[in-house]
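Under my numbering, think of the first position of the sequence shown as 1462, with each following residue one higher. Ideal Cβ placement from N, Cα and C applies to all residues, glycine included.
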Amino acid sequence: MKVNNENVVDGGGAYYRYNDTEYKILNEIATRIGDNPEVSGHIKMYSDLKSCPSCQHVIKQF
1462 MKVNNENVVD GGGAYYRYND TEYKILNEIA TRIGDNPEVS GHIKMYSDLK SCPSCQHVIK
1522 QF
């Protein structure tokens, strides 16, 4: 999902948010978990800033 600096999805100047911290953290956790169906638990993630729509989407998918 591409989001611009005004948090508009596919808006002017939008770009993929692969370098955002939320994406990187959840991607690393998913990589470590792999396809293990036995894994369960909760993740609490804190941020000083509001997550952009792209990161919010990744968080919901997780």
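Smallest Cα separation from residue 1507: which of 1482, 1475 and 1473?
The candidate whose alpha carbon is nearest that of residue 1507 is 1482.
Examine the ligand MN and report whether any of its heavy atoms sits within less than 6 Å of the Cβ of residue 1470.
As far as ligands go, the structure on display features none, and thus does not contain the ligand MN.
Ends of the alpha helix (DSSP H) at residue 1478?
Per DSSP, residue 1478 belongs to no alpha helix (DSSP H) and is neither H nor E.
Residue 1479: buried (16+ other C-beta within 10 angstroms of its C-beta) or exposed?
Result: exposed.
Taking Cβ to Cβ, would you say residue 1514 is nearer than 7 Å to residue 1468?
Cβ atoms of residue 1514 and residue 1468: closer than 7 Å.
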